[in-house]
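Letter 390 of the sequence shown, counting from 1, is numbered 390 in my numbering, and no numbers are missing. Take a look at the structure set out below.
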Amino acid sequence: MKENFREVSENFTLPEAIREAQRCLHCKVPGCKKGCPVSNDIPDWIAELAKGNFGNAMSIINTRSNLPAVCGRVCAHERQCEGNCVLGKKGRPVSIGKLERFVADFDSEAGVTHDSIPEKSRGRVAVIGSGPAGLTIAGDLSRKGFAVEIFEMEPEPGGVLTFGIPEYRLPKDVVRREIRRIGNLGVNFHLNTTIGENYTVDDLFAQGFDAIFMGTGTGVPRHLDIPGIEHPGVRQAIRFLRRVSLYESGIITRSEVIVGDGDKVFVIGCGNTAIDAARTAVRMGSSEVTVVYHRTINEMKALRSEYDEAVAEGVKFLWNSSVVEIKGGPADRLESIVIETEGERTRVPADRLIMAVGSAPASRIVSTTEGIEVDSRGYVLTRETPYGMTSRKGVFAGGDVTNRPATVVHAMQDAKRVAEGIATYVDAIKLLDTINTKL
């Protein structure tokens with residue numbers, strides 16, 4: 001089974017990476033940098049790579065990204081950096097994602113660069129959640145001289161990187177390697193620790209933290225009003241992917257995954273999570289997997305490359321279609337579903353149905369903390385100055401919990417701005433404390 005989850009995209013060899021890097025035109029106004037949400041200095045590090053200066057290339061990348069090996073694999077390159085590469089007009093943009101992945105992997109394997117650990121004298125920051133936003137906050141603030149501690153409810157850090165993105169797209173060893181890099185900056189991790197249960201936000205302030213960042217994402221699946229949807233044969237995509245990850249790590253048994261082993265599976269939704277769920281269901285042994293989407297192929301949120309790979313693996317797609325009824329079968333299996341396509345309804349046999357229609361924030365932290373305002377859907381409200389601070393003084397939020405980002409790199413982009421807001425805030429309160437003490 002583990003062989004089915006082998007990474008599908010192969011890395012460049014060293015000669016291939018050098019040749020690809022030499023294709024870069026080093027444009028005076030680089031569209032690739034403009035297309036990158038974290039403003040990576042792409043032409044500069046590619047130029048260093050083209051000359052074989054791997055350490056310099058990695059050092060340039062590190063100034064803007066804490067997760068280069070991750071971004072090199074799962075970023076929407078075709079819509080961002082590569083989509084804005086001038087060579088794309090001729091049909092073949094520079095393979096920026098694979099080059100970033102190559103540099104990060106090469107650096108890790110060879111140990112070319114080594115981050116110096118600054119003195120942790122500017123303040124203490126607690127980070128709740130260790131997904132892309134939390135890891136970015138931790139890396140940025142640690143490099144700025146803050147003592148950072150991450151509180152993660154799962155037994156392993158990484159959030160969606162560890163438990164939400166399948167192994168074939170993002171190997172867990174790569175995620176662990178990136179997390180070790182951040183840990184080497186002096187960041188401490190507290191695992192199996194749920195804020196809102198084990199500790200509250202007030203408890204963290206009482207421990208002496210100057211600021212707290214909420215990067216808890218969206219863990220509560222959205223609900224569709226479909227008859228029969230409460231049947232145990234209906235699974236949520238994020239929970240299905242998490243269970244597969246736990247199974248791959250040896251934490252749970254194959255029987256606890258449920259989906260697979262000859263099942264006829266349907267997936268509702270057509271974002272990247274839906275595609276991940278469909279392709280994972282194939283790898284778990286499902287006999288037939290079909291994605292049902294209420295819009296057209298041109299309106300899907302998933303990357304076209306992800307769709308193409310899913311089709312190549314045998315996933316089927318029904319466009320302008322919706323599931324309008326679910327009929328349960330024995331135990332945790334379905335009997336059938338009714339699909340409506342352009343006004344016509346058809347009942348088809350089905351064993352499992354996977355929901356990939358989005359999710360909303362959990363309320364554990366907000367419900368146990370006074371003063372954190374949310375909107376009508378439960379998303380945390382934040383201000384522009386200092387960027388990312390909630391209505392509770394000293395508590396910041398970013399990433400999906402604020403309903404701003406949509407991808408890993410967008411969560412990182414938002415988190416980098418929040419890190420600046422936290423640094424500004426903590427510096428200000430430290431200065432005021434010093435002034436008040438002298439007065």
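Each residue gets a CB set at the ideal place from its N, CA and C atoms; glycine is no exception.
Quiz prompt | Inter-stretch contact at 8 Å, needing at least 3 Cβ pairs: the region 269-278 / the region 341-359 | solution = Note that the region 269-278 touches the region 341-359; at least 3 beta-carbon pairs, one per stretch, sit closer than 8 Å.
Exercise. Determine the direct distance from the alpha carbon of valine 94 to that of threonine 13, and round the result to whole angstroms.
Key: 16 Å
Quiz item: Distance, Cα to Cα, glutamine 207 vs aspartate 41?
Solution: 39 Å
Exercise. Taking 8 Å as the cut-off, decide whether the C-beta atoms of isoleucine 212 and glycine 394 are in contact.
Key: yes
Quiz item: Quick one: is threonine 253 buried, meaning 16 or more other Cβ sit within 10 Å of its Cβ, or exposed?
Solution: exposed
Quiz item: Between arginine 73 and leucine 191, which are expected to be in contact by the criterion C-beta below 8 Å, what is the C-beta distance as a whole number of angstroms?
Solution: About 24 Å separates the beta carbon of arginine 73 from that of leucine 191, a gap too long to meet the 8 Å contact definition.
Quiz prompt | Unbroken beta strand (DSSP E) run spanning phenylalanine 189, endpoints | solution = 188-190
Quiz item: Looking only at C-alpha atoms, which of Asp210, Ile372, Ile326, Pro221 sits nearest to serine 121?
Solution: Asp210
Exercise. For isoleucine 238, count neighbouring C-beta atoms within 10 Å of its own C-beta (all shown protein chains included) and say buried if the count is 16 or more, exposed if not.
Key: buried
Practice problem: From the DSSP output, read off the bridge partner residues of glycine 328. | Solution: Leu334
Practice problem: Identify every run of the beta strand (DSSP E) within the region 123-172, keeping only runs that are complete inside it and at least 3 residues long; order them along the chain. | Solution: Qualifying beta strand (DSSP E) stretches, in chain order: 124-128, 147-151.
Quiz item: Between which two residues does the alpha helix (DSSP H) harbouring proline 465 extend?
Solution: Residue 465 falls outside the range modelled here, since the chain spans only 1 to 439, and no answer is possible.
Quiz item: From isoleucine 435 to arginine 124, what does the alpha carbon distance come to, in whole angstroms?
Solution: 20 Å
Practice problem: Report back the beta-carbon spacing between glycine 52 and histidine 77 to the nearest angstrom; my notes put them in contact at under 8 Å. | Solution: Contact flag wrong, Cβ pair sits at about 23 Å.
Quiz item: Rounded to the nearest angstrom, how far is the Cβ of phenylalanine 396 from that of valine 366, given a contact under 8 Å?
Solution: Phenylalanine 396 to valine 366, Cβ: 14 Å. No contact.
Quiz prompt | Neighbour-count burial assignment, aspartate 107, 16 or more Cβ in a 10 Å radius | solution = Burial call: buried.
Quiz prompt | Closest by C-alpha distance to proline 30, when choosing among Thr216, Leu87, Glu20, His231 | solution = Leu87
Quiz prompt | Which of helix, strand or coil DSSP assigns to phenylalanine 12 | solution = coil
Quiz item: Straight-line CA distance for aspartate 375 to glycine 145?
Solution: 34 Å
Quiz item: So, are the CB atoms of leucine 185 and alanine 423 less than 8 Å apart?
Solution: no
Self-check item: Cβ neighbour criterion (16 or more within 10 Å) applied to asparagine 198
Solution: exposed
Exercise. Using three-state DSSP, classify phenylalanine 106 as helix, strand or coil.
Key: helix
Quiz item: Going by beta carbon distance, what residues of the same chain come within less than 6 Å of cysteine 85, once the five residues before and after it are set aside?
Solution: Answer for cysteine 85: Cys32, Pro93, Val94, listed in chain order.
Practice problem: Measure from the alpha carbon of phenylalanine 102 to the alpha carbon of each residue in Asp115, Glu20, Arg143, Glu230, then state which is nearest. | Solution: Glu20
Quiz item: DSSP state of alanine 211, grouped into three classes?
Solution: In this structure, alanine 211 counts as strand in the three-state DSSP scheme.
Quiz item: Whose C-alpha, out of Thr296, Arg304, Leu318, is nearest the C-alpha of valine 289?
Solution: Leu318
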